[in-house]
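Below is one structure, written out as structure tokens; the observations come after it.
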Amino acid sequence: MRTHVRTSLTVEELREQIATLEGAAVRKAECLPFGIGEIDEKLPGGGLAHGRLHEFAGGGSGTVDGAAAALCVAGIAARTRGHIVWCLTRPDLFFPALAQAGLDANRVIFVEGEKEEDVLASMEEALSFGGLGAVIGELVRLPMVASRRLQLAAEKTGTMAIVVRRWRRQTEANDFGQPTAATTRWRVSVLPSEDLPVPGLGRGRWLLELMRVKAGGCAEFEVGACDVEGRINLSAGSGDRSHSSGRSVHSG
Amino acid sequence: MSAVDAAAKKSGLKIGMPAAKAQALFQGLMMVEADPLADALALERITLWALTQYSPIVAVDAPDGIVMDTEGADHLQGGEELMLTGIANRFRGRGLSVRVAIADTWGAAHACARAITRETVIVPRAQTVRAVERLPIALLRLPAKILADLRTLGFQSIGQLSATPRAPIALRFGPEVGRRLDQMFGRIGEPIDPVRSPELVKVSRAFQEPIGAAETIDKYVGRLVAELCIELEKKGLGTRRTDLIVDKVDNTRQAIRAGTAKPARDVRWLTKLFKDQTEKIEPGFGIERLTLVAVMSEPLEESQRTSSLVEEEVRDFTPLIDIFGNRGQRVYRVAPFASDVPERSVRRIGAAADDVAVAWSPQWPRPIWLFHRPEQVDVIALMPDHPPVSFTWRGKRRKVRRADGPERVFGEWWQRDSELDAVRDYFAVEDDAGERFWIFRLGDGVDMATGSHRWFIHGIFSS
Amino acid sequence: MRYAELQVTTHFSFLRGASSADELFAAAKELGIEAIGVVDRNSLAGIVRALEASRATGIRLVVGCRLDLQDGMSILVYPTDRAAYSRLTRLITLGKSRGGKNNCILTLDDVISYSDGLLGILVPDVADGVCAAQLRKMADIFGDRAYMALSLRRRPNDQLRLHDLSNMATRHRVKTVVTNDVLFHEPGRRKLQDVVTCIRNNTTIDEVGFERERHADRYLKPPQEMERLFPRYPEALRRTMEIVDRCKFSLEELTYQYPEEAIIPGKTPQESLEHYVWECVPDRYPEGLPPEVLKTVRHELDLIKAMKYAPYFLTVFSIVRFARSQGILCQGRGSAANSAVCYILGVTSIDPSTNDLLFERFVSQERDEPPDIDVDFEHERREEVIQWIYKTYGKEKAALCATVTRYRAKGAIRDVGKALGLPEDLIKALSSGMWSWSEEVSDRNVKELNLNPDDRRRC
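Protein chains in written order, with our numbering: chain A, 1 to 252; chain B, 1001 to 1463; chain C, 2001 to 2459.
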């Protein structure tokens, strides 16, 4: 048994001791980095924090939206460990696409309800249960109060909560302006992809905008869409290709 | 003849007809000895099965029917209509012809089910009177003698009977007629005694002083759960469906059901499932008895028992799945199905099902939103197999900048005649903005037998 | 543009190909394809039929075989000359003797030993590390006779896949050639192809899932269409004819080679035969040869001489002679009974002096094929004869001829019925309504059983 007493502790060590004493669930890694320096350095902790709420929305082009946002979220979920609970009201998600972003179908439990309130309630229930890699919910609206509840539930068990904002009409898209309690808020829209030497479609490209982050500034990144492991990459070159030759359109 | 099938009926055979006459009417009639005892036993077995599937309150409605109180239980089946068609399909799938009716009272449902020729009928709330007005009095569940006499007196329909003053009828026939009418119209109650088999594990507590407060109910439910688990343990069983039957002072009954994906015997887990739902209990004038029945149980070994709800390394998520399920949420996982036709390549499996080893091909990109019904689009494309140059969808015209395809998907000729030669040529196209869509053309562009050459949009890759 | 289809599977790739050689060659003729390379799986069994079809249509047949090796590599091999063909047959024999019934086990090392004169076309999947390794081996083994096939799959990213494959092949100095990976002669055959896949996997059409061939369009296409589909690969298209020109071997080059053991030293086969004939005459005609028989014998011997069949008769004679020396019962039958020479040699027992024989039924100049002499041996002692043959001629030079299994109607109906998931009694009814040896099922047969010939699956 040691008898000498440590007299000086760093702030970090103190924090850890308090956390342990408080019995809060401490995860092995506090956050999930993107693996891309320019993005991770903008985020507190160097990645998407576990035990927090994050919001991803589509670009708002109008007709059908949020596909890129949902795929981006799928890639993030793919890189967590453990099961995923995905709550929704409209089951038009086609899973093979999520599988191509690295998400294993055996990990994902879908919870389908009638109304948005159901989605919120299910998310809260799943977050409180704990032990999951992430809890994802598709919502049109996210009132501040509801977002706070989600944030609290996430903190309690240290589980990452992600809301995918899906809207069907332009008017709904304006809702994104309203503040929420999310730790990070993102917008994912599409960019034209790069031409291939032959007819075909190469890797998709997205504009990933960090709209809001606690104690941080906004930023935007041009990235390549998720690969089979759920990773995005930083896209070289500008996204604007005022294009002349339509040669790649035809197969013959 | 105690029962005749459709073909026999068409030839004019009726129930009650003498066998000799029947044989004369129909050459080569196949006759099977009636066995009312076996029929009754079979009906009871089916009723016990229905108890595990549809509602905690299910009973035999002799000699040829089942009655269920589905108040509060239909949302788990997707609503009344889905529930009825589901029941009809299930029974029909087992080779039984069936008619199902839902109404406000046992009497009304019983009569309507036997009055219809189609398989299902829903009598809307508070519409019982209109529904049964013209039904024959034979459907009132009265003894044959009384019915015969009533008919002699000129009564044909229930409406006629119920319009007549009560007293003379009661004088002539006794209280039975009036009782049946009152039951049909909901003026008096007709509690259903749930069918039970001696094997079902059951615990019960009666209250000298009726209880009603929520905390009291919770307390006693908790105790009953503990007792039930002890009984289950003795038999090495776990329960998958547990019913809480609430008997009230006014002779009415209410039931709550908790279901679990895997057999359970854990006191805390089961208590939580019920606690989530006790707000649904209406004590009324007071509860005089609480009963807990394990209506569907399965063998449960020690090793399968889940530990408490505290977090551990390898999680068992079945308690969470149960919580969602009991709230009326649909819970599921998805797995691949070996079909090239995209809408058939994904199937839903139980959320607690074992892991599935197969996966979709990672090399063939698929869109993240897939439309249930592909929408028609106008396309300009070079035949026979060039991707679209432009397309118009929902009024908006888009130029195609880059594309891949065709991916040729053949119809599954063994499934449907219409798919004998059908072909869909799929193209993934990207417009100026970088939005990607999944578009297909019906037909191979050459042979009209393979499709009409119309174009459709089936999904969105990214937007 | 001139095009040859170098990857064609006939139904002699049992339960994989869905069209016969006749159908394939007839279709090729109609479409303007110049030549067909038949590459059945680990087998040359389909070549004979292919040759007949080739003769009938005038479309050139390029003899080849698809080798599916143990490590997963697949190569189409084409012999460029007769010696190479010989090597190919020995290679396949080696694989089959190792593999046993219906199985052929070959490794790349085997191929190396027999690769001289063989032209190889690699069948690739995608341009990954595995493919690169395979291309390297192809270049090592086949040198300038190494090629790689480019086929369209009609699946996502097809053009990119071909592009990457083509580049990789160039880097490894392997030439590309366009093929269509043909399984049947016209699009309508696809359903039958699905059914045979089910039979091969012993499952039903509802269960077979992705064991089915999933890459589209496996039917013969005309040269213009191939050109349209591969606009970026004109070199690869041209190489189909290049390969056809390099593979000069034709089956017509094969002739019979007779064993020489029965020949009397110093005499030619014909002389030996005549010697034995005159030697055996007294046994059959102790009183002397009747004049008509003599005339017949002379006539037959002249014909045998003209057609050069003497060695063949000698071989049969020596086997029969051995058998009789051991007291084993044997009897020649069939059209050989029309031969006086056979009677005298003791091969048959129909006496020309008492029977009217027609030798032309047996051997004719028009037919230009050696006659069929069927000799039955006493069943219990058959094995002794077989052993004597092996001993005399050597195990490497004698073989038991096996018949290649082909479906006849009854068996076909059974297995197709199972694959479609039809109920057992229906299958029995359908298949028993057939004569056992017919080639086709008529509508009348089907109607007789009270079935609707329009029903999709029964159709």
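All C-beta atoms, glycine included, are put in the ideal place defined by N, C-alpha and C. Computed from a predicted structure; not experimentally measured.
Same chain, Cβ closer than 6 Å to residue i, five either side skipped, listed in chain order
i                       : result
residue 1228 of chain B : 1203 and 1292
residue 2044 of chain C : 2065
residue 1248 of chain B : 1284 and 1287
residue 1009 of chain B : none
residue 1319 of chain B : 1269
residue 2222 of chain C : 2031 and 2032
residue 2439 of chain C : Only weak support exists for where residue 2439 of chain C lies, its pLDDT of 40 falling under 50; the value from the coordinates is given anyway. Excluding positions up to five away in sequence, the list is empty.
residue 2310 of chain C : 2269, 2270, 2273 and 2304
Cβ neighbours of residue i in the same chain (closer than 7 Å, five flanking residues each side left out)
i                       : result
residue 2018 of chain C : 2011, 2183, 2184, 2189, 2192, 2193 and 2196
residue 242 of chain A  : Residue confidence for residue 242 of chain A is low, a pLDDT of 33 falling below 50, so the modelled location carries little weight; the figure read from the coordinates is stated next. Within the same chain, residue 242 of chain A has no close Cβ partners at all.
residue 2327 of chain C : none
residue 2264 of chain C : 2272 and 2275
residue 185 of chain A  : 55, 211 and 212
Cβ shell of residue i (< 8 Å), same chain only, five flanking positions each side left out
i                       : result
residue 2233 of chain C : 2150, 2162, 2166, 2176 and 2178
residue 1196 of chain B : 1202 and 1293
residue 2172 of chain C : 2132, 2135, 2136, 2138 and 2139
residue 1451 of chain B : 1422, 1423, 1424, 1441, 1442, 1443 and 1444
residue 1211 of chain B : 1217, 1220, 1283, 1286 and 1287
residue 2126 of chain C : 2161, 2164 and 2165
residue 1098 of chain B : 1087, 1088, 1091, 1092 and 1119
residue 2107 of chain C : 2069, 2070 and 2071
Anticipated Cβ contact below 8 Å, residue i with residue j, distance rounded
i                       : j                       : result
residue 154 of chain A  : residue 53 of chain A   : 6 Å
residue 2174 of chain C : residue 2226 of chain C : Contact doesn't hold; Cβ gap of about 21 Å is too wide.
residue 1106 of chain B : residue 1176 of chain B : That pair is no contact at about 16 Å.
residue 1135 of chain B : residue 1111 of chain B : 5 Å
residue 1405 of chain B : residue 1387 of chain B : 5 Å
residue 2003 of chain C : residue 2237 of chain C : 7 Å
residue 58 of chain A   : residue 203 of chain A  : Between residue 203 of chain A and residue 58 of chain A the Cβ distance is about 19 Å, and since that is not below 8 Å, they are no contact.
residue 1100 of chain B : residue 1113 of chain B : 6 Å
residue 1321 of chain B : residue 1353 of chain B : Actually they do not touch by this definition, with Cβ atoms about 10 Å apart.
residue 2087 of chain C : residue 2068 of chain C : Their Cβ separation, rounded to whole angstroms, is 18 Å, which puts residue 2087 of chain C and residue 2068 of chain C out of contact at 8 Å.
residue 1344 of chain B : residue 193 of chain A  : That belief does not hold up - the Cβ atoms of residue 1344 of chain B and residue 193 of chain A are roughly 29 Å apart, past 8 Å.
residue 101 of chain A  : residue 75 of chain A   : 4 Å
residue 1463 of chain B : residue 68 of chain A   : 7 Å
Delimiting residues of the alpha helix (DSSP H) encompassing residue i
i                       : result
residue 1184 of chain B : 1176-1185
residue 1160 of chain B : 1158-1163
residue 139 of chain A  : Element bounds for residue 139 of chain A: not the alpha helix (DSSP H) but the beta strand (DSSP E), 134-139.
residue 1991 of chain C : With chain C running from 2001 to 2459 in the structure shown, residue 1991 of chain C is simply not present.
residue 1322 of chain B : 1318-1326
Continuous beta strand (DSSP E) stretch holding residue i: start and end
i                       : result
residue 2064 of chain C : 2060-2068
residue 128 of chain A  : First-last for residue 128 of chain A: 116-129, but that is the alpha helix (DSSP H), not the beta strand (DSSP E).
residue 1360 of chain B : It is not in any beta strand (DSSP E) - residue 1360 of chain B carries neither H nor E in the DSSP assignment.
residue 1368 of chain B : Residue 1368 of chain B -> no beta strand (DSSP E), and no H or E assigned at all.
**Prompt:** Which residues, in chain order, does the segment 104-138 of chain A contribute to contact with chain F at a C-beta distance below 7 Å?
**Reply:** Among the chains of the structure shown, chain F does not appear; the protein chains present are A, B and C.
**Request:** With 8 Å as the C-beta to C-beta threshold (strictly closer), list the residues of the segment 2081-2114 of chain C near chain A in chain order.
**Result:** Within the segment 2081-2114 of chain C, no residue has a Cβ that lies closer than 8 Å to any Cβ of chain A.
**Request:** Within the segment 2197-2246 of chain C, note down every full alpha helix (DSSP H) run reaching 4 residues or more, in order along the chain.
**Result:** The segment 2197-2246 of chain C contains these whole alpha helix (DSSP H) runs: 2223-2229 and 2234-2246.
**Message:** Output needed in chain order: residues of the segment 2136-2170 of chain C with a Cβ under 7 Å from some Cβ in chain A.
**Reply:** Residues of the segment 2136-2170 of chain C whose Cβ lies closer than 7 Å to any Cβ of chain A, in chain order: 2157, 2159, 2160 and 2163.
**Message:** Tell me which residues of the segment 1417-1440 of chain B have at least one Cβ-Cβ distance to chain A shorter than 9 Å, keeping chain order.
**Reply:** Hits within the stretch, in order: 1428, 1429, 1430, 1431, 1432, 1433, 1434, 1435 and 1436.
**Prompt:** Mind listing which residues of the segment 2205-2225 of chain C have their C-beta closer than 7 Å to chain A's C-betas, in chain order?
**Reply:** For the segment 2205-2225 of chain C, no residue has a beta-carbon sitting nearer than 7 Å to a beta-carbon of chain A.
**Message:** Which complete alpha helix (DSSP H) runs does the segment 2315-2360 of chain C hold, if anything under 4 residues is left out?
**Reply:** Those alpha helix (DSSP H) runs which fall completely within the segment 2315-2360 of chain C and span 4+ residues are 2340-2345.
**Asked** When Cβ atoms are compared, which residues of the segment 181-204 of chain A fall closer than 9 Å to chain C?
**Response** Contacts with chain C (Cβ-Cβ distance below 9 Å) from the segment 181-204 of chain A involve 196, 197, 198, 199, 200, 201 and 202, listed in chain order.
**Asked** When Cβ atoms are compared, which residues of the segment 1327-1350 of chain B fall closer than 9 Å to chain C?
**Response** Residues of the segment 1327-1350 of chain B with a C-beta less than 9 Å from any C-beta of chain C: 1337, 1338, 1339 and 1340, listed in chain order.
**Prompt:** Going along the chain, which unbroken runs of the alpha helix (DSSP H) with 4 or more residues stay wholly within the segment 1190-1278 of chain B?
**Reply:** Along the length of the segment 1190-1278 of chain B, whole alpha helix (DSSP H) runs at least 4 residues long occupy 1214-1234 and 1267-1275, reported in chain order.
**Contact set between the segment 1346-1380 of chain B and chain C, restricted to residues whose Cβ is under 8 Å from the partner** = Flagged, chain order: 1363, 1364 and 1365.
**Item:** Near-chain C residues of the segment 1197-1224 of chain B (beta-carbon distance less than 9 Å), N- to C-terminal order
**Value:** Those residues of the segment 1197-1224 of chain B that come within reach of chain C (Cβ to Cβ, closer than 9 Å) do not exist; the list is empty.
**Request:** Could you please tell me which residues of the segment 1388-1406 of chain B, in chain order, have their CB closer than 8 Å to any CB of chain C?
**Result:** Residues of the segment 1388-1406 of chain B with a C-beta atom less than 8 Å from some C-beta of chain C are 1404, 1405 and 1406, listed in chain order.
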